[in-house]
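In the working numbering, each residue's number is its place in the sequence shown (first place is 1) plus 252. Note that the Cβ used here is the ideal one computed from N, Cα and C, for glycine as well.
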Amino acid sequence: MRAVQITRFGGPEVMDVVDLPDPTPGPGQQLYEVSSAGVNFADTHQIENSYLAEQKLPLIPGAEFVGTPVGGGQRVVGLLDGGGYAEKVVAHDFLTWPVPDGVSDEQALAVVLQGSTAWHLLRTSAHLAEGETVVVIAGAGGVGSLAVQLARKWGAGRVVATASSPEKRQLAEELGAHATVDPALADDDPKAFTGALREANGGKPVDIVLEMTGGNVFNGSLAALAPFGRLVTYGMAARQETRSVPPGMLMQKSRAIIGFWLAHCMARPQMMDAAMTDLLAMVDAGELKPVVGGRYPLSAVADAHQDLLARRTTGKLVLDPSR
Numbered sequence: 253m254r255a256v257q258i259t260r261f262g263g264p265e266v267m268d269v270v271d272l273p274d275p276t277p278g279p280g281q282q283l284y285e286v287s288s289a290g291v292n293f294a295d296t297h298q299i300e301n302s303y304l305a306e307q308k309l310p311l312i313p314g315a316e317f318v319g320t321p322v323g324g325g326q327r328v329v330g331l332l333d334g335g336g337y338a339e340k341v342v343a344h345d346f347l348t349w350p351v352p353d354g355v356s357d358e359q360a361l362a363v364v365l366q367g368s369t370a371w372h373l374l375r376t377s378a379h380l381a382e383g384e385t386v387v388v389i390a391g392a393g394g395v396g397s398l399a400v401q402l403a404r405k406w407g408a409g410r411v412v413a414t415a416s417s418p419e420k421r422q423l424a425e426e427l428g429a430h431a432t433v434d435p436a437l438a439d440d441d442p443k444a445f446t447g448a449l450r451e452a453n454g455g456k457p458v459d460i461v462l463e464m465t466g467g468n469v470f471n472g473s474l475a476a477l478a479p480f481g482r483l484v485t486y487g488m489a490a491r492q493e494t495r496s497v498p499p500g501m502l503m504q505k506s507r508a509i510i511g512f513w514l515a516h517c518m519a520r521p522q523m524m525d526a527a528m529t530d531l532l533a534m535v536d537a538g539e540l541k542p543v544v545g546g547r548y549p550l551s552a553v554a555d556a557h558q559d560l561l562a563r564r565t566t567g568k569l570v571l572d573p574s575r
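This is how it looks when you write it as structure tokens:
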């Protein structure tokens with residue numbers, strides 16, 4: 253089979269398309285023909301070995317796929333612990349879900365990891381209550397574009413999104429954000445970013461921030477929280493160190509910082525089932541509209557990563573293993 257393999261850590265240039273033997277399924281697993289493979293920002297960390305779990309070489313990146321069992325059967329979307337950038341994958345039965353006929357590969361890939369993350373950020377970690385203000389950092393991205401829609405659907409009183417260009421800010425507003433903010437304000441002065449978030453909320457502090465950048469964006473977001481506000485951190489896109497947070501700073505406003513990593517939900521299949529059943533049904537009914545950012549040939553995987561790192565993309569990026 254054709255697959256993307258890395259034998260050294262680094263940037264997009266370390267990914268090579270090679271021929272490898274088909275993977276062999278173990279107990280409770282099946283071998284699938286991949287029709288589309290998903291690309292996530294976390295994959296750029298994986299090939300650098302700069303994410304939460306240490307990686308071992310050689311490796312095939314990729315955590316999600318849409319495909320059918322070898323020999324035929326139901327099209328499914330599934331999650332993997334690696335190996336997704338390939339023509340064939342092996343997946344655990346408890347981490348695959350049937351894809352309704354009315355849902356495209358790209359839409360299914362948008363919700364399986366990024367959608368499930370958005371679902372659990374709001375439901376499980378932030379415990380969104382009706383009427384609360386939600387700030388979505390990177391509101392035009394894969395997770396953010398779905399989090400904006402879910403927050404509106406679940407009764408947020410006001411949704412504020414950040415996005416790095418006028419086009420992305422317009423998209424976030426079309427998806428349901430009441431107001432948008434340029435995150436570049438945080439580059440030199442976190443206080444300016446804090447002020448912009450509060451201004452976008454009518455001059456008031458905010459209740460929830462979904463944050464995946466780190467650095468000054470994290471610091472400015474934390475300062476924008478109201479009493480009993482929650483900042484849920486689920487990424488490190490800026491690749492910057494974030495200052496330590498003294499307990500007194502949290503106590504002064506009864507603020508909370510909550511970490512989230514979807515891998516812990518994958519270890520509890522019922523948590524993934526709850527999110528995926530809900531998300532796929534909403535997409536099939538037209539109630540949730542994933543943003544598809546682009547389809548790349550497997551041979552152009554480096555271009556997909558470069559576009560993602562340069563913030564040239566919106567929504568979900570996918571790879572076509574047949575090309």
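With respect to the 7 Å criterion, GLY472 and ALA438 are classified as neighbours on the basis of their beta carbons.
Apart from the 5 residues on each side of it in sequence, VAL544 sits with its Cβ closer than 6 Å to the Cβ of GLU358, GLY567 and LYS568 in its chain, given in chain order. Only residues of its own chain outside the window of five on either side were considered, and among them THR296 have a CB closer than 7 Å to the CB of LEU561, listed in chain order. At a cut-off of 4 residues, the continuous stretches assigned as alpha helix (DSSP H) that sit fully inside the stretch 387-465 are 394-405, 418-427 and 442-452. Scanning its chain for C-beta atoms nearer than 8 Å, with the 5 sequence neighbours on each side dropped, one finds around ALA305 the residues ALA515, in chain order. Cβ contact annotation for ASP345 (same chain, cutoff 6 Å, sequence separation greater than five): GLY280, in chain order.
Positions of the alpha helix (DSSP H) runs, each at least 4 residues long and wholly inside the stretch 332-391, are given as 357-361 and 368-372 in order along the chain.
A direct Cα-Cα distance of roughly 17 Å separates TRP371 from VAL329.
Counting only residues of its own chain and dropping the five nearest sequence neighbours on each side, VAL497 has a CB closer than 8 Å to the CB of LEU474 and ILE509.
Nearest C-alpha to GLY323 among PHE317, VAL355, LYS340 and ILE389: LYS340. Annotation: the stretch 471-512 contains the following complete segments of the beta strand (DSSP E) (minimum length 3 residues), in chain order: 477-485 and 508-511.
In this structure, DSSP gives LEU514 a state outside helix and strand, which the three-state scheme calls coil. Collapsing the DSSP output to three states places SER551 in a helix. With fewer than 16 other beta carbons inside 10 angstroms of its own, LEU309 counts as exposed.
The way I'd put it, the stretch 455-467 does touch the stretch 379-396; three or more beta-carbon pairs between them come closer than 8 Å. For GLN558, the closest alpha carbon among the candidates VAL355, TYR337, PRO573 and MET267 is that of MET267. Residue pairing from DSSP places GLU316 in a beta bridge opposite LEU331. Residue state for ALA289 is assigned as strand, using DSSP reduced to three classes. The beta carbon of LEU347 is closer than 6 Å to those of GLY330 and LEU331 in its chain, skipping five residues each way along the sequence.
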